[in-house]
Amino acid sequence: MARFLIQSPHKPEECLRALDGIFAKGKDTLEKYEFGCREGDHTGYMTVDAGTKNEVLNKYVPDFLQSKARVVEIQKFTPDEIKAFHLMKAA
């Protein structure tokens, strides 16, 4: 499994439709999302563990927003990995 960040933008006039669509995916899905709508950033944000980007889109993003959604695989780096990157760059 990989970890993914979902960014699901929508227009202000689509806000309620987006919220309804996410809620239709399940209460647990709605609870995982965070939104910037009240700040004028009409985007839903969520991190989730899944197998593929397509799985993420189909399971967590309403159909009408899937073409605009951005799904990025994310990971953490350790201090040792950062040191190794510096060594590779210096070589």
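Each residue of the sequence shown is one higher than the last, beginning at 10 in my numbering.
Note that CB positions come from ideal geometry on N, CA and C, so glycine has one too.
For residue i and residue j, I'd like the C-alpha separation in whole angstroms.
i, j, result
"N63", "F94", "30 Å"
"L96", "T87", "15 Å"
"M10", "D58", "6 Å"
Relative to the C-alpha of residue i, which residue among the options is closest?
i, options, result
"L66", "D50, E40, K34, L28", "K34"
"G45", "A100, I83, S17", "S17"
"G49", "M55, T56, P21", "P21"
"E23", "L39, Y42, R12, G53", "G53"
"H19", "K77, K98, I83", "K77"
In this structure, what does DSSP give as the bridge partners for residue i?
i, result
"Q75", "Note: Q75 sits in no beta bridge, so no partner."
Under 7 Å: does the beta carbon of residue i sit that close to some heavy atom of the ligand PLP?
i, result
"C24", "With respect to the ligand PLP, the structure shown offers nothing to examine, as it has no ligands at all."
With residue i and residue j assumed to form a contact (beta carbons below 8 Å), what rounded beta-carbon distance in angstroms separates them?
i, j, result
"L14", "V81", "5 Å"
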